[in-house]
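K.L.:
Going by the numbering used here, 187 is the number at position 143 of the sequence shown; the sequence numbering is gapless.
Backbone N, C-alpha and C define an ideal beta-carbon position, used for all residues, glycine too.
Quick one: the structure is below, questions incoming.
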Amino acid sequence: MYTQKMLRDGALQGKTIVVTGGGSGLGKAMSKYFLELGANVAITSRNLDKLKATAEELEQDTKGSCLPLQCDVRNYDEVETMLKQAVEKYGKVDVLLNNAAGNFISPTERLSANAFDTIIDIVLKGTKNCTLAFGKHWIDTKQTNTSVLNIVTTYAWTGSAYVVPSATAKAGVLAMTRSLAVEWAKYGMRFNAIAPGPFPTKGAWDRLLPGDLKDKFDMAKKVPLNRVGDHQELANLAAYLVSDFSAYVNGEVITIDGGEWLKGAGQFNLLEEIPEEMWDQLEAMIRAKKSKS
Ligand code: HXC
Ligand code: NAP
C-alpha cells in the first residue's frame, strides 16, 4: 500500500472548500489533507459538537483554518445559511464536496416509506440542495474556476440489493454530476465524482456490517487487491480532483476500489477458485473437444 501524500505543499492555497459530512470518516480524512495543502475548509453536518471537536483537532494537526458549521443538508434554508456563513468567513467558496450520506442495510420490504425517504432525502435531495445553492451563488456572483465533487459508490451504476434507497439516490447523484458537467461548464464550474470501494469508517461499518457481520463478510476478500482502501488514498484522489491540476477533468466518475466491482461483474471471475494444478487437466479437455469438432 502506498500512502504518501500526493500533491506538493500549498497546492490548494487560496481555495476554500466546503465538505458536507466533514466531521467524521472519509469527510474528515479528505478535509485534513485539504488543510495540509493550504485550503480553508468548512466542515458541515447536523452535529455541531462533533464538528467543533473535529475542527479543533484538524486545526491543531495542520495549522490550517477549519470552520465548523451546523447544517442538515435536507433543509434548503439551512444550506443557504451555511453557504452564507462560509462566504462571510473566507470571502468566497471555490469547491463543494458533497460527502454527507445516510445508509443502512435492510431487506427493502422491511422499510417504511419514511425510512426510504430518509436516505433519498440525505443523499439525493441533500446533494441537490447544496449543488443548487452553491451553483446559483457562483452564477450570480460570476465566480469561475469552481467545482463540485460528489462522493458516490460503485453500486450507483450496478445497483445493489439490501441498500436500495442508497443505490437509488447515488445513481441520481451520478446523473446530476454528468448532467451539470455539461450544462454549467459555461459558468466555469466542473463536476466530478468519486466512487469508493470499501474504506472502513465507523459510520459505514456500524450500519452496513453490524455485530459480527464484519467478521463473516471480510470486505478485503471481495477485492482483487485483497485489501480495503486507506483513507489517504482517497484523500489523494479527492485533492487532485478539487485542485487546478484536474482543470480538464469534467463529468468523470473515478472508481477507487481495488477492482472490487469488476470482480463481482465479470462472468468467469469465479474461476479464480480453480487450483493451479487443475488447469492442465482443463486445458487438455478443451483441446480434445476442439480437435474433434
Ligand atoms: C429499518 C430503519 C433503520 C433500520 C432507521 N430506520 N434505521 N428502518 N432498518 N436499521 C427508519 C426509522 O424507523 C424511520 O422510519 C426512518 O428510518 C428514519 O429514521 P431516523 O432515525 O428518524 O432518521 P435520522 O435520525 O434522520 O437518521 C438517519 C439514518 C442514520 C440514515 C437512519 O443512520 C444516520 O444518521 N446516518 C448518517 C450516517 C451514515 O448513515 N453513514 C453511513 C454512510 S455509508 P419510521 O417509519 O419509523 O419513521 C454509505 C455507502 C457505503 O453511504 C458503501 C460501502 C461500501
Ligand atoms: P460517515 O462517517 O457516517 O459520514 C457520513 C457523514 O454525513 C457524517 O459526518 C454525518 O454527520 C453526515 N450526515 C448524515 N446525514 C446528514 C444530514 N442530513 N445533513 C448533513 N450531514 C449529514 O461515513 P463515511 O463512510 O465517511 O461516508 C462518507 C461518504 O463516503 C458517503 O457519501 C458514503 O456514501 C461514501 N462512501 C463510503 C464508503 C466507505 O466504505 N466508507 C464507500 C463508498 C462510499 P452527522 O451525523 O453529524 O450529521
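What are the partner residues of LEU252, as DSSP defines its beta bridges?
P.N.:
In the DSSP output, where bridge partners are listed per residue, LEU252 has none listed.
K.L.:
Determine the DSSP secondary structure at THR64, reduced to helix, strand or coil.
P.N.:
Looking at THR64 - three-state DSSP - the assignment turns out to be strand.
K.L.:
For the alpha helix (DSSP H) holding ASN280, just list the boundary residues, first then last.
P.N.:
Run containing ASN280: 275-286, per the alpha helix (DSSP H) assignment.
K.L.:
How far does the beta strand (DSSP E) with ALA211 in it reach, from first residue to last?
P.N.:
Premise fails: ALA211 lies in the alpha helix (DSSP H), 208-227, not in any beta strand (DSSP E).
K.L.:
Going by the DSSP bridge assignment, what does THR88 pair with across the sheet?
P.N.:
Answer is THR64 and LEU113, bridged to THR88.
K.L.:
Once you ignore the five residues that flank TYR77 on each side, which residues in its own chain have a CB closer than 8 Å to its CB?
P.N.:
Here the set comprises LYS49, GLN276, ALA279, ASN280, ALA282 and ALA283.
K.L.:
Is the beta carbon of ALA239 sitting closer than 8 Å to the one on ASN294?
P.N.:
Contact: no.
K.L.:
Between the Cα of ALA157 and those of GLU296, ASP259 and PRO209, spot the shortest distance and give me the residue it belongs to.
P.N.:
Of the candidates GLU296, ASP259 and PRO209, the one whose C-alpha sits nearest the C-alpha of ALA157 is PRO209.
K.L.:
Under 7 Å: does the beta carbon of THR162 sit that close to some heavy atom of ligand 1?
P.N.:
It does: the Cβ of THR162 is within 7 Å (strictly closer) of some heavy atom of ligand 1.
K.L.:
Applying the criterion that 16 or more other CB atoms from any shown protein chain within 10 Å of the CB defines a buried residue, is ASP301 buried or exposed?
P.N.:
Buried, by the Cβ-count rule.
K.L.:
Kindly confirm or deny that the region 81-101 and the region 110-125 touch, where touching means at least three C-beta pairs closer than 8 Å.
P.N.:
With a cut-off of 8 Å, the region 110-125 and the region 81-101 count as touching, because enough Cβ pairs lie within range.
K.L.:
Classify THR202: buried if its beta carbon has 16 or more other beta carbons within 10 angstroms, exposed otherwise.
P.N.:
Classification of THR202: exposed, given that the 10 Å Cβ count is below 16.
K.L.:
Hey, is PRO242 close to ligand 1, as in C-beta under 7 Å from one of its heavy atoms?
P.N.:
Result yes, Cβ under 7 Å from ligand 1.
K.L.:
Indicate whether LYS136 and GLN187 have their beta-carbon atoms separated by less than 8 Å.
P.N.:
In contact: LYS136 and GLN187 (Cβ atoms closer than 8 Å).
K.L.:
Beta carbon of LEU70: closer than 7 Å to some heavy atom of ligand 3?
P.N.:
Within the structure as shown, ligand 3 is missing, the only ligands being ligand 1 and ligand 2.
K.L.:
Just to confirm the assignment, what range does the alpha helix (DSSP H) spanning LEU176 have?
P.N.:
Looking at the DSSP string, the run of the alpha helix (DSSP H) that includes LEU176 is 170-184.
K.L.:
Using the Cβ count rule (16 or more neighbours within 10 Å means buried), how would you classify TRP323?
P.N.:
The residue in question, TRP323, is exposed, as its Cβ has fewer than 16 Cβ neighbours within 10 Å.
K.L.:
Should SER75 be listed as close to ligand 1, given that the test is whether its C-beta is under 7 Å from any heavy atom?
P.N.:
Outside the cutoff, so no.
K.L.:
What is the rounded straight-line gap between the Cα of ASP250 and the Cα of GLY241?
P.N.:
Cα-Cα distance, rounded: 16 Å.
K.L.:
Given the structure, does THR64 come close to ligand 1, in the sense that its CB is under 7 Å from one of the ligand's heavy atoms?
P.N.:
No; taking the cut-off as 7 Å, the Cβ of THR64 has no heavy atom of ligand 1 nearer than that.
K.L.:
Closer than 6 Å by C-beta to TYR199: which residues in its own chain qualify, once you throw out the five before and the five after it? Chain order, please.
P.N.:
ALA211, listed in sequence order.
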